[in-house]
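Residue numbers (our numbering), protein chains in the order written: chain V, 41 to 389; chain A, 41 to 389.
Heads up, the beta-carbon is just placed ideally off N, CA and C, and yes, glycines get one too.
Please read these numbers as outputs of a predicted model, since none were measured by experiment.
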DNA sequence: CAGTGGATAGAAAGCGCTTGCTGCGAGTGT
DNA sequence: ACACTCGCAGCAAGCGCTTTCTATCCACTG
């Protein structure tokens, strides 16, 4: 029923071996033979059987990209950049033509592991994990073990925007969340703010922790005392920002600024402030993180920290493909850039 | 080196066949035996070899999701919903545990075909194509041919937010872009607008065409004459909206409203208007399409057409998994809902 | 007590492809 | 003219798993 290599071989009057070699292009085949084979492939409309090929060759052309939330542009942008480096190699046979696939873990540790196992099953050529990790110890250990196994099996593992998992053989491109957060809060402090609310992400995420730590470092360095009640945990989405802001306002109406875990949260915060009759930044300043495309369109435009998501993703993709040297020590830190815009100003008297 | 089924069998003192049956759970195995096998699997840390399994069983557990732009929440939301229905079946062996992978075509017809071929290679269990199709005839034919081959090979093909490709055996959930666009423009006309600019998407996309046609239908029905110079083509992104708006303003400063191909474009339009010193909606009304999450946060919030992306995606996912009956005739139309918000108002005198 | 059938387990034949090794004919050095 | 490369094609042995068919063991039934 379906066309196999053997059919093509028969039609081209050569052995299956030759057809295989023409298709893989890693063995000398006379031009005339190649031509004949290619014609047969075309006429028969032959499509390689991936599983069979992977089985025999003990490798596959799958590259997995794990993201926490595919509906969030933060991940979408990275995934897009990674994929462009992987799938985009275009026509050429040699090396290229990999199937870059993104897997949505939804932030669930189990799904993350499931996907890693599934990719391991498929003998993926490489795996890129993006975004913060969950800090639950057993889970972290399980993931680390899985990653180690993957690298041992020859799968290249790259972490993009995620802290290094020591001893796994993975390459890490981590974001300097702490430093970025610190500079952001320093900016606010510099404007004169002293009562800053902080809307964090989910409590057990590395990203959440690092950003919060950066914020607190800045406060501590400036000698500003911090009320623990001014920090609220939530999710990395708009709704969370909205609700957390109302909560913060309830706890401390005197806040002059709100620092959000990311831009979506910040937007939610803006909405809540506006509905509460507060002006931005006259009454309350707001700051986000990531500098996603929509942040500049907010009114007023959002003060935030720009993370070079696309660049980092592209680099991760190249490393995963073996087209770029991993950084020394298999770890590199990517800095964010403070973007001062309209949503932050001097506090009201 | 790597653990195989045979190793597990040896350890559990059973035949490979038995191990396979335990793992696949579709054949009676005595509880005690099963137990022993499972223990061996665990102790050896065995991971099934996907390619080998797919080869032998002539099926795979891959499900492909094709999107035009993974960085765009429009696709992210759909992909997320689809994936939730596919990958989320959780622990159970039976039926579940599929690897839902999203493939980013970047809107490129070639990449789309490449991915389809790659998925065909992998003998994917199902494929979901999201978003508008390119209207280039040869390409459309090539895609249709590919889809037909896929369905013939037993791969379930679902189109989500994409017009039916006749004769391919695919199931289509199409969005009523035309109707939605028409109702949107009717709303604007009802407010009294007569000079409306239209910022379209890329010219050769079905989505672009349908939305534009809906817009024009409304105009025609209201007897409003349309200046072709009031339509500008661009891309489905913010930047395009920004630039197109400036261009429209140049061509016709007297426009009282701008209808954008989607929400991102609309946001760009808002930015351009604001920078031009025009108020929204007092001077110019703006409308978008899709109702993405950020649209409600715009200032003023965006009048738009809500597309039930998550619902449609979930349904597409279920159909792809064979967990829901395809609609009669293998085609269903999903309507959009007009969301009237702050960005549209009566035109200035 | 032989006969029967249900429940399990095993043997073995592939699934379609890759690749190490062998084979063969033609060009080359002396 | 002879042995010797060298370039190219074929043979055949798997890769690790699934699944059909067969064998076995028991518990019953008549």
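Residue-level contact check: residue 68 of chain A does not touch chain V, since none of the beta carbons of chain V fall below 7 angstroms from its beta carbon.
Taking a contact to require three or more Cβ pairs closer than 8 angstroms, the stretch 103-120 of chain V and the stretch 142-151 of chain V qualify as touching. Between residue 337 of chain V and residue 116 of chain A a beta carbon distance of about 18 angstroms is seen, past the 8 angstroms cut, so the two are scored as non-contacting. If you compare the alpha carbons of A/150, A/389, A/192, A/339 with that of residue 41 of chain V, the shortest gap goes to A/192. At a C-beta separation below 8 angstroms, residue 110 of chain V has these neighbours in chain A: 110, 116, 119, 120, 123, 142.
In this model, residue 70 of chain A and residue 45 of chain V are separated by some 40 angstroms (Cα to Cα).
For residue 124 of chain A, the three-state secondary structure derived from DSSP is helix.
In the three-state DSSP reduction, residue 295 of chain V falls in the coil class, being neither helix nor strand.
Comparing alpha-carbon positions, the option among A/370, A/79, A/304 lying closest to residue 329 of chain A turns out to be A/304. For residue 105 of chain V, the enclosing beta strand (DSSP E) stretches over residues 102-107. Secondary structure within the stretch 201-257 of chain V: the alpha helix (DSSP H) runs of 4 or more consecutive residues, fully enclosed, are 217-231 (chain order). At a cut-off of 7 angstroms, the C-beta of residue 334 of chain V has a neighbouring C-beta in chain A. Straight through space, the alpha carbons of residue 120 of chain A and residue 252 of chain A are spaced by roughly 28 angstroms. CA-CA distance, residue 138 of chain A to residue 319 of chain A, rounds to 51 angstroms. Not a single CB atom of chain V sits nearer than 7 angstroms to the CB of residue 381 of chain A.
Per DSSP, the beta bridge partners of residue 379 of chain V are V/344.
Taking the beta carbon of residue 100 of chain V as reference, the chain A residues within 7 angstroms of it are 91, listed in sequence order.
A/178 is the residue among A/178, A/140, A/163 whose C-alpha sits nearest the C-alpha of residue 149 of chain A.
Of V/261, V/333, V/221, the smallest CA-CA separation from residue 249 of chain V is found for V/221. Residue 96 of chain V sits in a helix when the DSSP states are folded into three classes. Considering only beta carbons, the part of the stretch 158-172 of chain V lying closer than 8 angstroms to chain A consists of 158, 159, 160, 161, 162, 163, in chain order. In the DSSP assignment, the residues bridged to residue 166 of chain A are A/103, A/196.
Fewer than three pairs of CB atoms, one per stretch, sit closer than 8 angstroms, so the stretch 280-290 of chain V makes no contact with the stretch 251-265 of chain V.
For residue 331 of chain V, none of the residues of chain A pass the 7 angstroms Cβ criterion, the least Cβ distance being about 13 angstroms. Annotated as proximal: residue 345 of chain A and residue 378 of chain A, with beta-carbon spacing under 7 angstroms. Contact note: residue 339 of chain V reaches chain A through 339, using a C-beta cutoff of 7 angstroms and chain order.
At least one CB of chain V lies nearer than 7 angstroms to the CB of residue 87 of chain A.
Shortest Cα-Cα distance from residue 215 of chain V to any of V/231, V/389, V/355 involves V/355.
Against chain A, a Cβ distance below 8 angstroms from residue 56 of chain V picks out nothing, because the smallest value is about 16 angstroms.
Within the DSSP bridge table, the entry for residue 144 of chain A names A/107 as partners. If you look at residue 320 of chain V, you'll find it isn't in any beta strand (DSSP E); DSSP assigns it neither H nor E.
Taking 7 angstroms as the CB threshold, residue 325 of chain A stays off the interface with chain V.
Annotation for residue 371 of chain V: the continuous beta strand (DSSP E) segment containing it runs 371-374.
When secondary structure is reduced to three states using DSSP, residue 183 of chain V falls in the helix class.
A straight line joining the alpha-carbon of residue 68 of chain V with that of residue 155 of chain A spans about 28 angstroms.
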